[in-house]
Amino acid sequence: MIRTALVLAGLGLGLTAVMAQSNPIAERQQTMKAVGAATREGAAMAKGDAAFDATKAQAVFKTYADAAKKMPTLFPDSSKTGGETTAAPKIWEDQAGFKAAFAKFETDASAGATVANLDGFRTAFGAATKNCGTCHEAYRIKK
Amino acid sequence: MLLLRRLFVTLVLLAVVGFAGFYVLTDPRVVSPSPEIGALPAADVENGKLLFSAGGCTSCHATPGQDDKWRLGGGLALESPFGTFHAPNISPHTRDGIGNWGVQDFVDAMAAGVSPSGQHLYPSFPYTSYRLMPPKALADLFAYIRTLPPVEGKAAPHDLRFPFNIRRVVGGWKLLFFERAPFRPDPAKSEAWNRGAYLVNGPGHCAECHSARNALGAIVPSTRFAGGPDPEGKGWVPNITQSEKGLAKWSKEEIAELLKTGFTPSFDNVGGSMAAVVRNIAQLPEADRMAMAEYLKSLPAIEGPERPQAKAP
Numbered sequence: 008m009i010r011t012a013l014v015l016a017g018l019g020l021g022l023t024a025v026m027a028q029s030n031p032i033a034e035r036q037q038t039m040k041a042v043g044a045a046t047r048e049g050a051a052m053a054k055g056d057a058a059f060d061a062t063k064a065q066a067v068f069k070t071y072a073d074a075a076k077k078m079p080t081l082f083p084d085s086s087k088t089g090g091e092t093t094a095a096p097k098i099w100e101d102q103a104g105f106k107a108a109f110a111k112f113e114t115d116a117s118a119g120a121t122v123a124n125l126d127g128f129r130t131a132f133g134a135a136t137k138n139c140g141t142c143h144e145a146y147r148i149k150k
Numbered sequence: 227m228l229l230l231r232r233l234f235v236t237l238v239l240l241a242v243v244g245f246a247g248f249y250v251l252t253d254p255r256v257v258s259p260s261p262e263i264g265a266l267p268a269a270d271v272e273n274g275k276l277l278f279s280a281g282g283c284t285s286c287h288a289t290p291g292q293d294d295k296w297r298l299g300g301g302l303a304l305e306s307p308f309g310t311f312h313a314p315n316i317s318p319h320t321r322d323g324i325g326n327w328g329v330q331d332f333v334d335a336m337a338a339g340v341s342p343s344g345q346h347l348y349p350s351f352p353y354t355s356y357r358l359m360p361p362k363a364l365a366d367l368f369a370y371i372r373t374l375p376p377v378e379g380k381a382a383p384h385d386l387r388f389p390f391n392i393r394r395v396v397g398g399w400k401l402l403f404f405e406r407a408p409f410r411p412d413p414a415k416s417e418a419w420n421r422g423a424y425l426v427n428g429p430g431h432c433a434e435c436h437s438a439r440n441a442l443g444a445i446v447p448s449t450r451f452a453g454g455p456d457p458e459g460k461g462w463v464p465n466i467t468q469s470e471k472g473l474a475k476w477s478k479e480e481i482a483e484l485l486k487t488g489f490t491p492s493f494d495n496v497g498g499s500m501a502a503v504v505r506n507i508a509q510l511p512e513a514d515r516m517a518m519a520e521y522l523k524s525l526p527a528i529e530g531p532e533r534p535q536a537k538a539p
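Chains as they are written, first to last, in my numbering: chain A, 8 to 150; chain B, 227 to 539.
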């Protein structure tokens, strides 16, 4: 009984993983949504609307770095259109530039991995969030 | 026989009169006469710089692929249903740019859409909005542009389909869609609202992108600010009226924040052609962004054109 449940659960997990893989659009949008949510937390601290908390601050940059690593793998040729994707055709025309943009995002994010005070956080957060608009300008289009 | 001949002569005469009428009416001086600039006080270069940012001149006139956005050598290709326009060199270079122009030449171009050689300019240059800037403001803007580095070299000529390659045709377009008049403040509204209305409709030319266009490329008034297909044919420009599809749920502060940092209330960051608008508007004082937000919050809700459904994956 327990074994069946475990196997089923295992299958279920495997299935979700497969589904996520077979739906890269949903997965990359989920990843970017998490980046958006982390940015909300970061902005609140940077503006002084929320108290600075080093653990939370470092988590923001971890979310960015993880996303920067994962994102470039989520744009197979089969995912140029579909869903509500806002990915621009340029992603597939200029793969090198697109990957370089994520590499820069990752570098800027890792600069904040060990921030310990508000000033340091503001600087690193400002530098990392410059990447959002730059990349969206070139590689994203609302349809 | 005689009757036929008379009919023929009459038709020819009518055609000639019609053509002459069209010819007179589409004359740049008739359809868009030169604005009277009178005596102007000394130019305020700082104000000119502000208007340069608000107007996003670099977005079109900076030579593509260079980091220095103040080198206005032109060359950017603008796709349109009528063909490809190439933004000209408007740096103060005397041969290739506008270094030889006088203030009146500049005012004629910006407010009437007429070049120093007396020809119509195409409305792909958004003078349809810039015309709201009064001569004093335009003189300030001109003075600022003259402080920028002269850039050598002319941009490629436009590549337009017949009949749009004939500048005179723009005269007919102006008859239908262009009114040459500066901004008139509404005394019943606050100073901030008027400042916002001026910046959004004039230098900011927000409606040039955030509206649908008709077959002749003119803004459809009933869709002003209500969004539509991107004028360059890529993607969709969102509704920014107070519709539920637009900015109904955005606070003034949230609109001002977007215009400064590009962040939406859900911490998405605007991309596409809006990214450059944000870079430029971010140069303005905070009070100006709040004034623009104040004006945008006063726009009536318009549903606007239906956004195309996303294709199934």
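Yeah, the Cβ is synthetic: ideal placement off N, Cα and C, and Gly gets one too.
| query | result |
| --- | --- |
| Range covered by the beta strand (DSSP E) that runs through A:Glu144 | Here A:Glu144 belongs to no beta strand (DSSP E); instead the alpha helix (DSSP H) covers 125-146. |
| Within chain B, the residues that A:Arg47 reaches when beta carbons sit closer than 7 Å | Phe493 |
| Euclidean distance between Cα positions of A:Phe82 and A:Ala94 | 9 Å |
| Contacts that B:Ala502 makes with chain A (C-beta to C-beta distance below 9 Å) | Glu144 |
| CA nearest to the CA of A:Glu100, picked from A:Met39, A:Ala145, A:Arg47 | A:Ala145 |
| Chain A contacts made by the segment 451-473 of chain B, where a contact means CB separation under 9 Å | Asp456, Lys460, Gly461, Trp462, Val463, Pro464 |
| Cβ separation of B:Trp399 and B:Glu520, assumed to be a contact under 8 Å, to the nearest whole Å | So it is not a contact: roughly 33 Å between Cβ atoms. |
| Three-state class that DSSP yields for A:Met26 in the structure shown | No answer about A:Met26 holds up, because its pLDDT of 46 lies below 50 and its placement is not dependable. |
| Identified DSSP bridge partners for B:Ile445 | B:Arg439 |
| Residues bridged to B:His312 [DSSP beta-bridge criterion] | B:Ala303 |
| Cutoff 8 Å: B:Gly282 Cβ touching any chain A Cβ | no |
| Check whether B:Ala452 and B:Ser469 have beta carbons under 8 Å apart | yes |
| Proximal residues to B:Tyr348 (C-beta, below 7 Å), its chain only, five neighbours per side dropped | Phe311, Val396 |
| Inter-residue spacing [alpha-carbon to alpha-carbon] between A:Gly17 and A:Glu34 | Bear in mind that a pLDDT of 41 at A:Gly17, under 50, signals an unreliable position, so the model cannot answer this. |
| The segment 400-416 of chain B in contact with the segment 269-287 of chain B per 3-pair CB rule at 8 Å | no |
| Residues bridged to B:Val463 (per DSSP) | B:Gly454 |
| DSSP-derived helix/strand/coil call for B:Phe489 | strand |
| Residue-chain proximity (A:Ala134, chain B), Cβ-Cβ < 8 Å | no |
| Residues that A:Ala44 contacts on chain B, provided the C-beta gap is smaller than 8 Å | Phe493 |
| Close-in-space but distant-in-sequence residues of the same chain around B:Ala167 (CB under 7 Å, 5 per side omitted) | Outside the shown range of chain B (227 to 539) lies residue 167 of chain B, about which nothing can therefore be said. |
| Buried/exposed call for A:Asn124, threshold 16 Cβ in 10 Å | exposed |
| Within chain A, the residues that B:Val496 reaches when beta carbons sit closer than 8 Å | Gly140, His143 |
| Coil, strand or helix - B:Asn420 by DSSP | helix |
| Pairwise C-alpha distance: A:Gly49 and A:Thr154 | Chain A is shown only over 8 to 150; residue 154 of chain A falls outside these bounds and no answer can be derived. |
| Any C-beta of chain B under 8 Å from that of A:Arg147 | yes |
| Straight-line Cα distance separating B:Gly461 from A:Lys149 | 5 Å |
| Closest Cα partner of B:Gly264 within the set B:Lys362, B:Gly497, B:Pro376, B:Ala433 | B:Lys362 |
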